[in-house]
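Report on the structure given below.
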Amino acid sequence: MEVIYSIFFYITALTVILSAFGVVLFKKIVYSMISLIVCFFSIAGIFILLNADFVAISQLMIYGIGITIIMIFAIMMTSRESEKKLWIAFAPRTLFAVLTGIGMFALIVYAVFGCFDEHINCVFNITPPEIDVINLIRQNGTAAIIGKQLFTTYLLPFELISVLLLAAILGVVVITKKDSEKLVNPTTEVLEKEVN
Amino acid sequence: MEIGLTHFVILSAVLFSIGILGLIVSRNIIKVLMSIEILLNAVNINFVAFANYTDLGDLKGHVFAIFIMAIAAAEAAVGLALLLALYRNKPSVDVEDYDILNG
Amino acid sequence: MNFFVENAWIIPVMPLLAFLTILFCRSFKLYENKKISMLLTVGSTAIGLIFSSFILTWAAGHENALYQQNFTWIQVDAIKLPIGWLVDNLTAAMLMVVTSVSILIQIYSHEYMNHDDGYHKFFAYLALFNFSMLGLVLSSNLFQIYIFWELVGLSSYLLIGFWFKRPSAASAAKKAFIMNRIGDFGLLLGVVSILYFSFDWWIINNQPLLSFAVFNDVANYIFISNGPVVISLIAFAIFLGAMAKSAQFPLHTWLPDAMEGPTPISALIHAATMVAAGVFLIARTYPIFKLSPEIMMFMLIIGLITAFMAATIAIVQTDIKKILAYSTCSQLGFMVMGMGAGAYAAGLFHLVTHAYFKAMLFLCSGAVIHALADQQDVRKMGGLRKHMPAVAYTYLIGTFAISGILLSGFWSKEGIFMGLESGKHWIFLITAIIVAGMTSFYMFRSYFLVFEGEYKGETKPHMPNKVLTIPLIILAIPSAILGFVLSGSLKGFGIGSFAKFVGYAGEHHASLMLPAVSLLISLAGLFIAAIMYWDKAKEFINIDPEVIKNKFSYCYKFLINKWYIDDLYLGFLRMIFLPVARFVAWFDRTIVDGIVNLVGVTVKFTGNTLRLLQNGNLQTYNAILFSGLLIYIIAVLAYWLL
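Residue numbers (the working numbering), protein chains in the order written: chain E, 44 to 239; chain D, 5 to 107; chain G, 2 to 643.
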């Protein structure tokens, strides 16, 4: 049982990491977009491994479909034939980023492998949950529990998120409105000429 | 070895670092926004992993993960809208071109 | 009578008011009449004179007369600095001297400065000086004396540089002030040290701080509790102040240069009063000096060097005011020698007599200069006795007085010689007698050159005004008889009544040898001067001064260059002081200012460097953000774990 679980975990994890690298390292933007989709789906797989069915489906819907559509539209609207392929900036900040990345990773690994023992009751030496709790969840699903939490303890953030989404929609509409006819924007003129 | 919380946390860490890398290194703005999505996903994995291994009764981690997803969606939408607005003024998705607020 | 003593503060305040009135009114040109300035000044001094005479009679009537009144001026925690006045015998004597000489000089200078543009300024400064000197004499404590000490120095600076448009006068004023400052530093050190070392005594006995009335006890306390070294150091510091003010070697070079000022000023300040302030200070703080035999010996040496050096330089001078200036320096040396030998009363007696006859001598020379239209070279004068007999005879009286031949100078010098003898300082005594002989020589030389013989100048001398001659005649009276009056009877040689008056009954010696010897040497000086410079005596024995000058040419050169001391100082300043000053200035400009500038430059540089981070690129900012976050986490972790 465990072995299968491990195999699945390692495969999914590998996919996640490789596709994440793919997002960063592909030259063509569409390729990195595809990589991102793969990444999202893989993360959904991870969620399933974690007994989080509701979250996995939400991930698929929100990220795997919603965000993907937004990104593809953005790429469509902002790519032009004559553009050069933009890959990586060769600037001092690259070095800082690499170092920071490695540093963060090292820090977390250091934290995880019990080096904190004397100081924290290590949260990381945790046994897997009992089998009956897991079976209960597998039977009923997590949606009920999450729903109960959302409508009792976390009601306020829930409502605020709805306000936030409203604000986001309105914001998007306002920001992307076209300029009024009197103000002539040279770029839009050029674009319109190109399209025509 | 038995898969424990450690593995998921390390996975989250790796994803987070890759997200930071992509955020800073990319020259295409859209890639930057994609890296931000990766960051948020890494955090999501972290929360759900903890929820799975410690908190199966209340699943607070799952709730938090859902909130994060909602916010991430809103943020991605607004971010790309801003990108479009910028694109109208200067038809370039190169990060190096947007450095007017310097000095 | 007590009224005058209790209100002795009026004496210095009246000249202060006169000064302020003249200053204020002339700034707004409220009056033009010269007589008003003169009347204000002379009037204030006259009030002072009246008060002083009453105070003198009061002091003479009382045994151990002492009156003081103090007000607390500055109070900081336990230190209460008083200000007030102290009237005792010494004060009464000095007040009389200062006010009487002052008023006569003020009347004289009305005529002398009548055609000068700065007439009003002159009288204002005269009033200021009067205020300062009278305040100094009436001071009740050491701190107050310091204040008036500085004020007197300031008045001297203003008056020496009165004709400031002349560069030599401006330099001379600066020189006087700077040399006085060197002495003031010593005095300040002395004052502060006394306060520091005796502070407990003042608190315990609840006396006004640094008051002179209890100085004897204070000096004993400091000696007992801190030992002889401290007392010697304090005495040296105070003597430094007196050295500068009273023109002792090595701080004496300002006095001859101070002759750049108008002659009444030379008479008032640099003969009679201000230079006596140093000796007055020594008198006031005498308990400290008495407890330090080393400093007394030091005073003797310095006094002797000064007296000898100034006398030798005066022999070869050709400017009449310079001759008198060097003779003042020499007589001050005598006074300091007297103080150093323990003959406190003799030194003060010499101060009093010297004030009168030196003032008179200077005023006579002023009359001569005025008559010859500002001509001061002795070689161009001669035979002026026919033109101005009053001046000539008063000058003769003064010369007799200073040479120590029977008139007042004789008695006071006697006192000093007897003090030297009783202290068994034989070398000092012999050298002092020789210096007295030299004094007689150069004074009579100046008399013969100016008033006898043929007139060697070009312009025709005109008769001096009565206003000029009457003060001379008035001053001649104390010059002549003060010695007899204050010595007690003619029989016992001594300075009996003055000594008793001032508080130190010295020892009387009945031996006649010392006065006889000194009289003989003074007469010898007169004789030699006569045969060198007086035509009538040249008929008998003729010694040509030119021949002697050529024979001792090296000696002459040494003397005419004032023993090369001025050159020495100039060399020191140029070779040592100026490079040090230049180095310090360079250090200040480059290094100290450089450090300050460095701060600014560092800020600017840092700003310029950090500005490069703001390149408008969002990702740069993010990079810094995440790096910073990482560093912060690591730092907190390290702190937490360790």
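Glycine included, each C-beta is placed from N, C-alpha and C at the ideal position.
Original post:
Near Pro13/G, what residues of its chain come up, given a Cβ to Cβ distance below 7 Å and the 5 sequence neighbours on each side ignored?
Top reply: Numbered from its first residue, the third sequence carries residue 13/G at position 12. Excluding residues within five positions, the ones whose Cβ falls inside 7 Å are Phe132, Leu135, Gly136, Leu139.
**OP:** Quick one: measure Cβ to Cβ for Ile232/G and Ser293/G, integer angstroms, because I've assumed they're closer than 8 Å.
**Re:** Counting from one through the third sequence, the residue named residue 232/G turns up at place 231. Counting from one through the third sequence, the residue named residue 293/G turns up at place 292. Indeed they touch by this definition, with Cβ atoms about 5 Å apart.
Subject >> Interface flag, Asn616/G vs chain D, CB-CB below 8 Å >> reply: Position 615 of the third sequence, counted from the start, is the residue given in the question as residue 616/G. Asn616/G counts as touching chain D.
Subject >> Interface residues of chain G facing Asp98/D [CB-CB closer than 8 Å] >> reply: Position 94 of the second sequence holds residue 98/D. Within 8 Å Cβ-Cβ: nothing; Asp98/D doesn't reach chain G, min ~11 Å.
**OP:** Apply the 10 Å Cβ neighbour rule to Met576/G and answer buried if 16 or more other Cβ atoms are within range, or exposed otherwise.
**Re:** As a working mapping, residue 576/G is identified with position 575 in the third sequence. The residue is exposed, with fewer than 16 neighbouring Cβ atoms inside 10 Å.
Original post:
Counting only runs that start and end within the segment 203–270 of chain G, where is the beta strand (DSSP E) found for 3 or more residues in a row?
Top reply: none
**OP:** Could you tell me the boundaries of the beta strand (DSSP E) in which Asp89/G lies?
**Re:** Locating residue 89/G in the third sequence gives position 88, where the first residue counts as 1. Where Asp89/G is concerned, the enclosing beta strand (DSSP E) stretches over 80–89.
Subject >> Beta-carbon separation (whole angstroms), Val451/G vs Leu408/G, contact threshold 8 Å >> reply: Taking the first residue of the third sequence as position 1, residue 451/G is located at position 450. Taking the first residue of the third sequence as position 1, residue 408/G is located at position 407. At roughly 19 Å, the Cβ-Cβ gap does not stay under 8 Å, so Val451/G and Leu408/G are not in contact.
**OP:** Rounded to whole angstroms, what's the CA-CA distance from Leu638/G to Ile7/D? Just pull it up for me.
**Re:** The residue you call residue 638/G lines up with position 637 of the third sequence. The residue you call residue 7/D lines up with position 3 of the second sequence. Answer to the nearest angstrom: the Cα atoms are 27 Å apart.
Original post:
Under the DSSP definition of a beta bridge, which residues are partnered with Phe72/G?
Top reply: What you label residue 72/G is simply residue 71 of the third sequence in a count that begins at 1. BP columns for Phe72/G point to Ile84/G.
Original post:
Relative to the alpha-carbon of Phe445/G, which residue among Thr470/G, Leu473/G, Tyr396/G, Pro479/G has its alpha-carbon at the smallest distance?
Top reply: Working through the third sequence from its first residue, we reach residue 445/G at position 444. Minimum Cα distance to Phe445/G is reached at Tyr396/G.
Original post:
Since Trp150/G is in the alpha helix (DSSP H), which residue starts that stretch and which ends it?
Top reply: Counting from one through the third sequence, the residue named residue 150/G turns up at place 149. Start and end: 143–161.
**OP:** Excluding the 5 residues preceding and the 5 following Thr185/E in the sequence, name in chain order all residues of the same chain whose CB lies nearer than 8 Å to its CB.
**Re:** As a first step, residue 185/E must be located in the first sequence, where it is residue number 142. Same-chain partners within the cutoff: Asn94, Ala95, Asp96, Phe97, Val98.
Subject >> For Leu67/G, the residue or residues it bridges with in DSSP >> reply: Counting from 1 along the third sequence, the entry for residue 67/G is found at position 66. Paired residue(s): Asp89/G.
Subject >> Proximal chain D residues relative to Glu45/E, where beta-carbon distance stays under 8 Å >> reply: For the purposes of this step, residue 45/E is identified with residue 2 of the first sequence, where counting begins at 1. Ordered by position in chain D, the residues that pass the 8 Å Cβ test against Glu45/E are Glu6, Ile7.
Original post:
Going along the chain, which residues of its own chain have a beta-carbon closer than 7 Å to the beta-carbon of Leu37/D, five neighbours each way excluded?
Top reply: In the second sequence, counting from the first residue as 1, residue 37/D sits at position 33. Contacts found: Ala80, Gly83, Leu84.
Original post:
Ala34/D: buried (16+ other C-beta within 10 angstroms of its C-beta) or exposed?
Top reply: For the purposes of this step, residue 34/D is identified with residue 30 of the second sequence, where counting begins at 1. Looking at the sequence shown, residue 34/D is not Ala but Ile. Its Cβ being crowded by 16 or more others within 10 Å, Ile34/D is buried.
Original post:
Mind checking if Leu105/D is an interface residue toward chain G, Cβ cutoff 8 Å exclusive?
Top reply: Residue 105/D sits at position 101 when you count from the first residue of the second sequence. Judged by the 8 Å Cβ criterion, Leu105/D is in contact with chain G.
Original post:
By the criterion of Cβ-Cβ separation under 9 Å, what are the contact partners of Thr143/E in chain G?
Top reply: Within the first sequence, numbered from 1, the residue matching residue 143/E stands at position 100. Ordered by position in chain G, the residues that pass the 9 Å Cβ test against Thr143/E are Ala624, Phe627, Ser628, Leu630, Leu631.
Original post:
Could you give the uninterrupted runs of the alpha helix (DSSP H) lying entirely in the segment 402–428 of chain G, keeping only those of 4 residues or more?
Top reply: 409–423
**OP:** List the residues of chain E whose Cβ lies closer than 9 Å to the Cβ of Tyr102/D, in chain order.
**Re:** Position 98 of the second sequence, counted from the start, is the residue given in the question as residue 102/D. Correct list: empty, because the minimum Cβ distance to chain E is about 12 Å.
Subject >> Contact with chain E by Val36/D, beta-carbon distance below 8 Å >> reply: As a position in the second sequence, residue 36/D is number 32, starting the count at 1. Output row for Val36/D: interface = no.
**OP:** Using DSSP bridges, identify the partner residues of Ser101/E.
**Re:** Position 58 of the first sequence, counting from 1, holds the residue named residue 101/E. Ser101/E pairs with nothing; no bridge assigned.
**OP:** With a threshold of 16 other CB atoms inside 10 Å of the CB of Arg285/G, please say whether the residue is buried or exposed.
**Re:** Residue numbering aside, residue 285/G sits at position 284 when the third sequence is read from its first letter. It counts as buried.
Original post:
Of all the residues that make up the segment 15–27 of chain D, which are near chain G by a beta-carbon distance shorter than 7 Å?
Top reply: Ile24, Leu27
**OP:** In angstroms with no decimal places, state the Cα-to-Cα distance between Gly184/G and Gly191/G.
**Re:** Counted from its first residue, the third sequence places residue 184/G at position 183. Counted from its first residue, the third sequence places residue 191/G at position 190. Between Gly184/G and Gly191/G, the C-alpha separation is close to 11 Å.
Subject >> alpha helix (DSSP H) segment containing Gly348/G, residue limits >> reply: Translated into the one-based positions of the third sequence, residue 348/G becomes position 347. Its alpha helix (DSSP H) spans residues 345–372.
**OP:** Flag Ile40/D as yes if its beta-carbon sits less than 8 Å from any beta-carbon of chain E, otherwise no.
**Re:** One-based indexing of the second sequence puts residue 40/D at position 36. Not one chain E Cβ lies under 8 Å of Ile40/D.
**OP:** Determine the chain E residues that contact Thr621/G at a beta-carbon separation under 7 Å, and present them in chain order.
**Re:** Here residue 621/G is taken as the residue at index 620 of the third sequence, counted from 1. What Thr621/G touches in chain E: Arg136.
Subject >> Endpoints, the alpha helix (DSSP H) within which Asp536/G is located >> reply: Numbered from 1 along the third sequence, position 535 holds the residue referred to as residue 536/G. Looking at the DSSP string, the run of the alpha helix (DSSP H) that includes Asp536/G is 536–539.
**OP:** Examine the Cβ distances between the segment 331–351 of chain G and the segment 296–307 of chain G and report whether three or more of them are shorter than 8 Å.
**Re:** yes
Original post:
Is the Cβ of Ala140/E closer than 8 Å to any Cβ of chain G?
Top reply: In the first sequence, the residue the question calls residue 140/E occupies position 97. By this cut-off, Ala140/E is an interface position.
Original post:
Should Phe573/G go down as buried or exposed, given a rule of 16 or more other Cβ atoms within 10 Å for buried?
Top reply: Position 572 of the third sequence, counted from the first residue, corresponds to residue 573/G. By the 10 Å Cβ count, Phe573/G comes out exposed.
**OP:** Would you mind telling me which residues of chain G sit closer than 7 Å to Gly146/E, beta carbon to beta carbon, in chain order?
**Re:** For the purposes of this step, residue 146/E is identified with residue 103 of the first sequence, where counting begins at 1. What Gly146/E touches in chain G: Leu631.
Subject >> Sufficient close CB pairs (3 or more, under 8 Å) joining the segment 46–53 of chain G to the segment 68–77 of chain G >> reply: no
**OP:** Compare the C-alpha of Phe178/G against each of Tyr197/G, Leu252/G, Pro229/G, Leu127/G and name the closest.
**Re:** Taking the first residue of the third sequence as 1, we reach residue 178/G at position 177. For Phe178/G, the nearest C-alpha among the options comes from Leu252/G.
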